[in-house]
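This report refers to the structure that appears directly beneath it.
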Amino acid sequence: MRRTGLACLARARRYARLRKDDDGDDTLLWSQSIGNHAAGEFSMAVVQANDSIEDRSQVEIGRSAIFFGVYDGHGGADAAQFISDNLFAHLIGSRYCVGDMCDRMWVHNIFFLPDYKLALKLVLCWQRSSDPPCALAQGRGAISEAIIRNAFAATEDGFLELVRTTREASPSIAAVGSCCLVGLIWDGKLYVANCGDSRAVLGRYLGTSTDLIAEQLTSDHNASMVEVRQELRSHHPDDPQIVVMKHGSWRVKGIIQVSRSIGDAYLKLPEFTADPSLPRFELSEPLLHPVLSAAPAIDTRVLSQRDKFVIFASDGLWEHLSNEEAVAIVKKHPRAGIARRLIRAALDVAAKKGKLRYSQLKKLGKGVRRYFHDDISVIVVFIDHQLLSKPNTSVQEISVRSFIDVPGTSDFSAFDDGGSNAAGSAAH
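Taken in order, the sequence shown gives residues 1 to 428; the numbers are from UniProt numbering.
Have a look at this one:
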């Protein structure tokens, strides 16, 4: 019993909340210094700026794969929390079907899962959406861009249904949304899916060079980007107000900067037009067509020996650090605590812009800090190629969530049953 207790204590310490920084205690900064996954290590950190934090982030570790997600909420945390609770379950559910027999086989297979709680979660996710989570799967034991898109669609459908059922009691939920950035390392490949303006940046060597370069894997779905404004105007040629400059920023319908999100129901379907009591979200004319999309942009690549790490972060980090600056920080410093170090670097810049020092900034309360920086979520995933070719199957299958100190058990155990491994055909 004592040995078991010591083992649990050691595990808790390894994944404990680390609130001390170089200058003292920042009570709004949470971090998980370092953890293992099947093909390397990861570091994770979050800092709160809003009165109620609107960001959510998660890492799901399996014996042969790792899933990571950064969900940057706006208008509230409801959508980000919903994504955190459901998207991964939809992705897992996609594995439990066989070809044309998807609907029947999905139900049959999930009830043979060893974890009845996961089975129940998948059924509840299915009930919230019009199709089973596995509707696009082409076979058990596979992952594909189609399956990832389907998981996004099922999550979007589920949240819109939540808006339908709760809007009368809480009208503002129709104006709640979230950016959604997820990644998956499986079978020697890296899948990155993005909806919004969070960003994934790869640190990799170029050819035989010893210089580590920053390669952005995602596009910012933000109206500040010329190509996004062009896309919006091409999709809405009869709407001269589809994107306008307001309060110093380009905004869709003069309201929101992102062009893709989960949620924001009032900008997608007429039935969700915001309540007149919420003038901030009132449209100047009736909504006839969706002006925002929940479709993710997906990047898939076979990992090579030159690929060293990926930084996943909400736009609060990139507001203060360039891709190159972030990659240089990761290259220069030890892995342990690197996500927290990136946030600290961004906070130093934010404080300087506000004519403060970080030692002064961190003493400000939540809400007040929003005048200087946004909520910021960062996950750094390191890729160890000797493990890509021979995965660390002894790794603990855990679920790490932001601002939760002790990890839970991941539902990835069901994913791993397919018998694949994280290595597959990793390139050299």
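By construction, the Cβ of each residue, glycine as well, lies at the ideal position given by its N, Cα and C atoms. This one's a predicted model, so the numbers in the text were calculated from it and none came from an experiment.
Measure the C-alpha to C-alpha separation of Asn-222 and Ile-66 and round it to an integer number of angstroms.
Cα to Cα, the separation comes out at about 28 angstroms.
Which residue comes first and which comes last in the alpha helix (DSSP H) that contains His-385?
Note, His-385: alpha helix (DSSP H), 385-389.
Whose C-alpha, out of Leu-184, Pro-237, Glu-60 and Asp-264, is nearest the C-alpha of Ser-144?
Considering only alpha carbons, the answer is Leu-184.
Tell me whether Leu-232 is buried or exposed, calling it buried when 16 or more other Cβ atoms sit within 10 Å of its Cβ.
It is buried - the Cβ of Leu-232 has at least 16 other Cβ atoms within 10 Å.
Inspect the beta-carbon positions of residue 451 and Ala-339 and report whether they are closer than 7 angstroms.
One cannot answer for residue 451 here, as it falls past the ends of the chain, which runs 1 to 428.
Residues sharing a beta bridge with Ile-213, DSSP
According to DSSP, Ile-213 bridges with Arg-204.
Would you say Asp-78 and Ile-173 are within 7 angstroms of each other, going by their C-beta atoms?
For Asp-78 and Ile-173, yes; Cβs fall inside 7 angstroms.
Of the choices Leu-91, Lys-366 and Gly-254, whose alpha-carbon is the least far from that of Ile-147?
The candidate whose alpha carbon is nearest that of Ile-147 is Leu-91.
Quick one: what's got a C-beta closer than 7 angstroms to Asp-417's C-beta in the same chain, skipping five residues either side?
In this prediction, Asp-417 has a pLDDT of 48, which is less than 50 and means its spatial position is unreliable; what the coordinates show is noted afterwards. Counting only Cβ-Cβ distances below 7 angstroms, and skipping sequence neighbours, we find nothing.
Could you tell me which of Cys-180, Arg-204 and Leu-202 sits nearest to Gly-196, measuring between CA atoms?
Of the listed residues, the one whose Cα sits closest to Gly-196 is Cys-180.
What is the C-beta distance between Val-192 and Gln-216, in whole angstroms, given that I count them as a contact (C-beta under 8 angstroms)?
Their Cβ separation, rounded to whole angstroms, is 10 angstroms, which puts Val-192 and Gln-216 out of contact at 8 angstroms.
Would you identify the three-state DSSP class for Phe-312, choosing helix, strand or coil?
When DSSP states are grouped into helix, strand and coil, Phe-312 belongs to the strand group.
Report the CB separation of Val-291 from Leu-267 in whole angstroms; it is logged as a contact under 8 angstroms.
Going by Cβ atoms, the distance from Val-291 to Leu-267 rounds to 5 angstroms, so yes, they are a contact pair.
Going by DSSP, what residues sit across from Ile-376 in a beta bridge?
Per DSSP, Val-47.
Rounded to whole angstroms, what's the CA-CA distance from Gly-254 to Tyr-371? Just pull it up for me.
Computed Cα separation, rounded: 21 angstroms.
Would you mind working out which of Val-47, Glu-156 and Phe-42 sits nearest Pro-334, comparing C-alpha positions?
Nearest C-alpha to Pro-334: Phe-42.
Buried or exposed, going by whether 16 or more other CB atoms sit within 10 Å of the CB of Pro-296?
Pro-296 should be labelled buried.
Can you list, in chain order, the residues of its chain whose CB lies under 7 angstroms from that of Ile-262, leaving out five sequence neighbours each side?
Contacts found: Ala-79, Ile-83, Thr-155, Glu-156, Phe-159, Gly-177, Ser-178, Cys-180, Cys-195 and Ala-294.
Hey, quick one: how far does the beta strand (DSSP E) through Gly-69 stretch, first residue to last?
65-74 is the extent of the beta strand (DSSP E) around Gly-69.
Taking Asn-222 as part of the beta strand (DSSP E), name the residues at either end of that continuous run.
For Asn-222, there is no enclosing beta strand (DSSP E), as DSSP marks it with neither H nor E.
By Cβ distance below 6 angstroms, which residues in the same chain neighbour Arg-260 in space, the five residues on each side in sequence not counted?
Only Cys-195, Gly-196, His-221 and Ser-293 meet the Cβ criterion.
For His-385, count neighbouring C-beta atoms within 10 Å of its own C-beta (all shown protein chains included) and say buried if the count is 16 or more, exposed if not.
His-385 comes out buried.
With the cut-off set at 7 angstroms, would you say Asp-375 and Ala-49 are in Cβ contact?
Against a cut-off of 7 angstroms, the Cβ pair of Ala-49 and Asp-375 comes out as a contact.
Which one of Gly-75, His-74 and Glu-60 has the shortest CA to CA distance from Phe-68?
Per the C-alpha coordinates, the member of Gly-75, His-74 and Glu-60 positioned closest to Phe-68 is Glu-60.
Buried or exposed: Val-226, going by 16 or more other Cβ atoms within 10 Å of its Cβ?
The residue in question, Val-226, is exposed, as its Cβ has fewer than 16 Cβ neighbours within 10 Å.
Given a threshold of 16 other Cβ atoms within 10 Å of its Cβ, counted over all protein chains shown, does His-289 qualify as buried or as exposed?
By the neighbour-count definition (other C-beta atoms within 10 Å, threshold 16), His-289 is an exposed residue.
How would you label Leu-162, buried or exposed, when you count the other beta carbons within 10 angstroms and need 16 or more for buried?
Result: buried.
Distance between Thr-218 and Asp-299 (C-alpha atoms, nearest Å)
CA-to-CA, the gap between Asp-299 and Thr-218 works out to about 7 angstroms.
May I have the straight-line CA-CA distance separating Val-381 from Ala-38, to the nearest angstrom?
Across the structure, Val-381 and Ala-38 are spaced so that their CA atoms are roughly 11 angstroms apart.
In this structure, what does DSSP give as the bridge partners for Trp-30?
Val-46, per the DSSP bridge assignment.
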